[in-house]
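Everything below concerns the one structure shown next.
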Amino acid sequence: MRRIAAILALSLLALPAGGEIYRWTDAQGRVHFTQDLSQVPPDQRPGAVERTLEGSEGGRISTYSSDSDEAPPARRAPALRTPDTSAGRAVHRIRVERAGTSMMVAARLNNSVVVPFVVDTGATDVSIPRWAAAQLGLRDSGRTRQYITANGMIEESVVMLDSVELGGARVEGVPASISSTMDVGLLGLSFFNHFTYHVDTAGGVLTLVPNDLAESGQIRGGRSEAQWRSEFGGLRARLQQVDAEMSRTNSNASSKRQALDRSRSDLLAQLDLLEGEADQARVPMAWRE
1418 MRRIAAILAL SLLALPAGGE IYRWTDAQGR VHFTQDLSQV PPDQRPGAVE
1468 RTLEGSEGGR ISTYSSDSDE APPARRAPAL RTPDTSAGRA VHRIRVERAG
1518 TSMMVAARLN NSVVVPFVVD TGATDVSIPR WAAAQLGLRD SGRTRQYITA
1568 NGMIEESVVM LDSVELGGAR VEGVPASISS TMDVGLLGLS FFNHFTYHVD
1618 TAGGVLTLVP NDLAESGQIR GGRSEAQWRS EFGGLRARLQ QVDAEMSRTN
1668 SNASSKRQAL DRSRSDLLAQ LDLLEGEADQ ARVPMAWRE
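Below, the structure is given as structure tokens:
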């Protein structure tokens, strides 16, 4: 996983020209972001804005995709098209900051915490850094999900954000994961599924136009049918793996069988949590198969 050692100067369309996001760390080691330089302690102001990213040579920040063997949901997501602005929908144009091959924006989570994000439409979910989860008061839900990254499979806690707001474009009830390895977030499909969008790389502008996929039922709880199927399919596949390993394990290997029993119980509990999340989002039973 590519580690980000410094945060870019970021700006939102809603801010005045030149508006920036400033980063500072308090005495307790908590990271803060603010749009008002006066809120940064005077001794930290000279270094509050950093315009370089450090990371692996030639690499890009890892994309989080699903743990399914199916094609990544991003390739099927109905939101992937050039925005049609002729239907009278609101048009949101957000300035992006280039960081090598990546694009950075700043989004406000739960109406309170501003977090820098890499725009990543290949990521299944929004991913937030652990420092942001701590400032938001989010606790591990007990449900985890496996994600495929450039460095292999990882498992992260899954939470629900009350809202994600980017330059006036707002989505409520956004599934997200908590990353322990990144200092910035990934803005993925659980946000972008609600929009048609276009990136003007030359002009440095991300255009978002709300679609009607949530209203028409094609998106439930921020996810498409393919993504919900992948969620349920991934958990059931892990259960099958545990059951298969159990069947191959000698009955005398009590410690291993106990470990497998714990794994199975944990996966069943996570499946129950996912069913509850799907019920709340009114996900059809056919999407859970």
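In terms of our numbering, the sequence shown opens at residue 1418 and continues consecutively. Ideal placement from N, C-alpha and C gives every residue a C-beta, glycine not left out.
Based on the DSSP output, what are the partners of residue i in its beta bridges?
| i | result |
| --- | --- |
| Met1577 | Pro1592 |
| Val1535 | Met1521 and Leu1603 |
| Glu1572 | Gln1563 |
| Leu1526 | Val1530 and Val1581 |
| Val1543 | Ala1593 |
| Ala1676 | Note: Ala1676 sits in no beta bridge, so no partner. |
| Arg1512 | Val1622 |
| Ala1586 | Leu1583 |
Flag residue i as yes when its Cβ comes closer than 8 Å to any non-hydrogen atom of the ligand MG, and as no otherwise.
| i | result |
| --- | --- |
| Glu1514 | Although the ligand MG was asked about, the structure shown includes no ligands whatsoever. |
Have a look at the options and flag the residue whose alpha-carbon is nearest the alpha-carbon of residue i.
| i | options | result |
| --- | --- | --- |
| Arg1510 | Val1531, Leu1553 and Gly1585 | Gly1585 |
| Ala1643 | Pro1459, Thr1541 and His1611 | Thr1541 |
| Val1532 | Ala1550, Gly1539 and Gln1635 | Ala1550 |
| Asn1697 | Val1535, Gly1621 and Arg1640 | Before going on, a small fix: residue 1697 reads as Gln here, not Asn. Among Val1535, Gly1621 and Arg1640, the Cα nearest to that of Gln1697 belongs to Arg1640. |
| Ser1607 | Arg1506, Gly1620 and Glu1589 | Glu1589 |
| Phe1612 | Gly1620, Asp1600 and Leu1625 | Leu1625 |
Can you give me the C-alpha to C-alpha distance between residue i and residue j, rounded to a whole angstrom?
| i | j | result |
| --- | --- | --- |
| Pro1546 | Asn1669 | 43 Å |
| Ile1595 | Leu1603 | 10 Å |
| His1615 | Thr1598 | 29 Å |
| Arg1512 | Arg1556 | 32 Å |
| Glu1648 | Ser1544 | 16 Å |
| Gln1675 | Arg1560 | 21 Å |
| Glu1572 | Ala1686 | 16 Å |
| Gly1634 | Val1536 | 25 Å |
| Pro1489 | Ser1672 | The pLDDT assigned to Pro1489 is 38, lower than 50, so where the model puts this residue is not dependable, and the model offers no usable value. |
| Ala1703 | Trp1645 | 10 Å |
| Leu1583 | Met1521 | 12 Å |
| Pro1463 | Gly1621 | 26 Å |
| Ser1580 | Ala1661 | 40 Å |
| Glu1692 | Arg1515 | 39 Å |
| Val1591 | Leu1526 | 10 Å |
| Asn1628 | Val1659 | 40 Å |
| Pro1459 | Arg1653 | 53 Å |
| Gly1517 | Thr1538 | 17 Å |
| Ser1558 | Met1577 | 9 Å |
| Gly1650 | Met1570 | 16 Å |
| Leu1690 | Glu1706 | 16 Å |
Does any residue of chain C bring its CB to less than 9 Å from the CB of residue i?
| i | result |
| --- | --- |
| Val1581 | The structure shown contains no chain C; it holds only a single protein chain. |
Compute the distance between the beta-carbons of residue i and residue j, then report whether it is under 9 Å.
| i | j | result |
| --- | --- | --- |
| Ser1529 | Gln1552 | yes |
| Arg1681 | Met1663 | yes |
| Arg1637 | Arg1587 | no |
| Thr1666 | Leu1677 | yes |
Counting only runs of 4+ residues fully inside the segment 1589 to 1649, write out the alpha helix (DSSP H) ranges in chain order. 1606 to 1609 and 1630 to 1633
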